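Presented below is the structure to which this report refers.
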Amino acid sequence: MGTRAGKDGGQKLNPVKIFLLVGDPVKQSLSPAMFNAAFESLRLNSVYVAVEVPTKFLDDTVAGVRAIGISGLNVTTPHKIRIVDLLDELDDSANLVGAVNTVKNQRGKLIGFNTDGDGAIRALEENAGTVKGSKVVLLGAGGAARAIAFSLVRAGAELTIANRTFPRAKALVSDIERKLGSSANSVPLRRDRLRKVLKNADLLINATSVGMYPNVGQTLVTSDLIHHDMVVYDIVYKPLETRLLKEAKSAGAEVVNGLGMLVHQGALSFKVWTGKQAPIKVMESAARRELGRKDK
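Just add 1319 to the spot in the sequence shown (first one is 1) and you have my numbering.
Following this line, the structure appears as structure tokens:
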């Protein structure tokens, strides 16, 4: 713990700021390594810890954050939507999306933000160019998918959402049309419907946890539904090459893995918490090292 001199010449404690990742599961997360490297790089007296929080304990966890003065949170599956009702305030991004992945404790007031959508778009455009005018098929309608969907439509993409629970896809489309005044489409996540919408798609995004470790053999889309002129983007980063990306490669498609989104959404969270520009290269390097370590 760092210190600084007090007015009387003694030492006054400069308490460490604590940031948490809350979700279930979080064991395989790269975020602690990534954020702690960023804090160290900028000599910030802060620490980041992953905490596994089952849904039934989310309310108590948020109460604990208030009670002990945790400085901020990252929120991951399955809490991004549920936590909204437990916060004091939402910024424009979280209010628009209806999901939160970042919380800042501002003098006892818990404020929710969402950096997932912008993080995903930054990572995608860094690797595959602009999404404006692209025909995009998005798999999923959960917290991360909601954020990505809103960001895609705002960026000028032509969006179709496919989800196994079709009413959730329809509800997300309704939210987009109501809040943005822009149209989007929804289809059931069935092979016959996917075949039809993917035929002319420029971009396929998996915004579900399907294919994430340890279920690495799973995929929602196989190579026969993918064409070689398509970009396939999987937000899963463990493993870096998911079953979906392997299927896409075998079809000759360009692929983008989930590490870039992790880093860019994390960098935006870092800015929310600290007011400082994140050391993105440091964060990416730390995430890659940790991923290599976890793979051993």
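Backbone N, C-alpha and C fix where the C-beta goes; we use that ideal spot for every residue, glycine too. Quick caveat: nothing in here was measured; it's all calculated off a predicted structure.
For this session: Using the DSSP secondary-structure output, state which residues sit across from Phe1338 in a beta bridge.
Result: Tyr1367, Gly1391
For this session: Under 7 Å Cβ to Cβ from Ala1447, same chain only, skipping five residues before and after it: list those, please.
Result: Val1550, Glu1573, Val1575
Exercise. If we count Cβ pairs, one from each stretch, closer than 8 Å, do we get three or more for the segment 1372–1391 versus the segment 1335–1344?
Worked result: yes
Exercise. Going by alpha carbons, who is nearest to Lys1454 out of Ala1460, Glu1445, Ala1468?
Worked result: Ala1468
Exercise. Is Pro1558 buried or exposed, if buried means 16 or more other CB atoms sit within 10 Å of its CB?
Worked result: buried
For this session: Return the residue from the list Thr1593, Ser1470, Val1540, Ala1567 that minimises the CA-CA distance to Leu1443.
Result: Ser1470
Exercise. Which residue from Ala1460, Ala1490, Ala1503, Ser1348 puts its Cα closest to that of Arg1473?
Worked result: Ala1503
Exercise. When the distance is taken between beta carbons, is Val1555 closer than 8 Å to Leu1513?
Worked result: no
Exercise. What distance in whole Å lies between the Cβ atoms of Ile1400 and Ala1672, which are believed to be in contact at a cut-off of 8 Å?
Worked result: Residue 1672 lies beyond the range of the chain shown here (1320 to 1615); nothing can be said about it.
Exercise. In this structure, does DSSP put Ser1505 in helix, strand or coil?
Worked result: strand
Exercise. DSSP on Val1555, reduced to helix/strand/coil?
Worked result: coil
Exercise. Ends of the beta strand (DSSP E) at Lys1428?
Worked result: 1428–1432
Exercise. In whole angstroms, what separates the C-alpha of Gln1537 from that of Ala1481?
Worked result: 17 Å
Exercise. Cβ of Asp1411 within 7 Å of any heavy atom in the ligand NAD?
Worked result: The ligand NAD is not part of the structure shown, which contains no ligands of any sort.
Exercise. Touching or not, the segment 1363–1372 and the segment 1408–1426, by the rule of three or more beta carbon pairs under 8 Å?
Worked result: no
Exercise. Which one or two residues does DSSP pair with Glu1477 in a beta bridge?
Worked result: Lys1454
Problem set entry | C-alpha distance - Val1403 paired with Arg1385, whole-angstrom precision | 15 Å
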